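The number in the numbering used here is simply the position in the sequence shown, starting from 1, with 1 added.
The beta carbon of each residue, even a glycine, is placed where N, CA and C say it ideally should be.
None of the values given here were measured: they were computed from a predicted structure.
Input: a single structure, listed below in structure tokens.
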Amino acid sequence: MNIIFPTDFSEQSADAFEMALYLAEKTNSEILLLHVYSMPMVTTSIEDGGFDTMPDQLIRLSEEAATNRIAQFKDSLINRYNKGYGNRIPVTEVLRMGFVADEIVALAEKEDVFCIVIPVVHTTGMDRLLFGGIVSSVLKKSNSPVFTVPKDFSFRQIQRLAYATDLTFADNEVIDKLLFLADIFEAELKCFHVHDSNLEIENSIIQDFITQYSNEVERKRISFQLIENLNVLDGMDYFVKENRIDLLGMLRQKSYMNSLFNISYTKKMSSHSEIPLIIYHE
2 MNIIFPTDFS
12 EQSADAFEMA
22 LYLAEKTNSE
32 ILLLHVYSMP
42 MVTTSIEDGG
52 FDTMPDQLIR
62 LSEEAATNRI
72 AQFKDSLINR
82 YNKGYGNRIP
92 VTEVLRMGFV
102 ADEIVALAEK
112 EDVFCIVIPV
122 VHTTGMDRLL
132 FGGIVSSVLK
142 KSNSPVFTVP
152 KDFSFRQIQR
162 LAYATDLTFA
172 DNEVIDKLLF
182 LADIFEAELK
192 CFHVHDSNLE
202 IENSIIQDFI
212 TQYSNEVERK
222 RISFQLIENL
232 NVLDGMDYFV
242 KENRIDLLGM
252 LRQKSYMNSL
262 FNISYTKKMS
272 SHSEIPLIIY
282 HE
């Protein structure tokens, strides 16, 4: 089992690497430290017309530079986290030339992947969380779970998990996966649904879930709850803060993700930007 950790060698990436180590230790996984470097290109003058052919020498120099940088970065990570994790977790360097998201997805398709851990970069507030850029592209193209680590996140162990459910048939598979994580982290999984209408119907569905997972509910491994709020994101924000959630699980599906992660809502997700998300695919 592998955890893919794409890096740009930034300080934020180095900070987020501790979460990848933590997950790898808990899931008995290895880490694939991936760096994707751009394809070098030489241009001629406009009069000569267009792009020149990429010289082999320039490609070789780019590869050598990337090889040196990823080796140095790996050494710095090992030195930084050696006290907490030692050499127990194998970290393999992987270099690819091309487009970042495409290479992440290609590697995930090739390897046995537990998840892809991506540090979230957003330029203004939440403007880039799950939209545009690498995370959005990977979510669209890959079937592997995506684990986002927010900028300036101060590492802490995962003790409280939550799942934002839309009460669909696809939820069971995600709940089972999150229960697996809950066992690993020795945590309770709190499933919740934010509603603004159809309370009777949604309460009936919640009761069905409670019946399905009656053993887990009785053992306090899982709980189900309805949150009333006219705005889905405000309801999620309340639940995350009220329960001091460490990791929020979500299911990427057309109806829920399109409404939940609409770009116009991103600035309202300030609470969510402070905790990691793990996003599964329908």
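Counting C-beta neighbours from all protein chains within 10 Å, is the total for residue i 16 or more, i.e. buried, or is it exposed?
| i | result |
| --- | --- |
| A72 | exposed |
| D128 | Low local confidence applies: a pLDDT of 41 at D128 is under 50, so the model's placement there is unreliable, and no value is given. |
| A165 | buried |
| V278 | For clarity, residue 278 is Leu in the given sequence; the question names Val instead. So L278 ends up on the buried side. |
| T149 | buried |
| S11 | exposed |
| L22 | buried |
| T8 | buried |
| S143 | buried |
| F154 | buried |
| D172 | buried |
Kindly list the residues whose CB is nearer than 6 Å to the CB of residue i, restricted to its own chain and excluding five residues on each side of it in sequence; keep chain order.
| i | result |
| --- | --- |
| M2 | S30, D113, F115 |
| H194 | T166, L168, L227 |
| N230 | V195, G236 |
| T93 | L33 |
| G134 | none |
| F170 | none |
For residue i, which of helix, strand or coil comes out of DSSP?
| i | result |
| --- | --- |
| E26 | helix |
| K221 | coil |
| L231 | coil |
| M237 | helix |
| T93 | strand |
| M1 | Since the displayed the chain opens at 2 and closes at 283, residue 1 lies outside it and no answer follows. |
| E110 | helix |
| F115 | strand |
| E203 | helix |
| E12 | helix |
| E189 | strand |
| M2 | coil |
| T212 | helix |
Quick one, are the C-beta atoms of residue i and residue j less than 9 Å apart?
| i | j | result |
| --- | --- | --- |
| S77 | A163 | no |
| R157 | D247 | yes |
| I280 | L168 | no |
| I223 | K191 | yes |
| I276 | V241 | yes |
| P41 | L59 | yes |
| V95 | L33 | yes |
| A188 | S145 | no |
| V175 | G250 | yes |
| H36 | R61 | no |
| S63 | M20 | no |
| I117 | I202 | no |
| R161 | R220 | no |
| R253 | E217 | no |
Could you name the residues that DSSP lists as bridge partners for residue i?
| i | result |
| --- | --- |
| P120 | V150 |
| G250 | Y164, I279 |
| P7 | L35 |
| V195 | I228 |
| L62 | BP columns for L62 are empty, so no partner. |
| M98 | Y38 |
Among the residues of its own chain, which have a CB less than 7 Å from the CB of residue i, if the five just before and after it don't count?
| i | result |
| --- | --- |
| S138 | A102 |
| K75 | L34, V92, E94 |
Leaving out five residues before and five after residue i in sequence, what residues of the same chain have Cβ atoms less than 8 Å from its Cβ?
| i | result |
| --- | --- |
| R89 | E26 |
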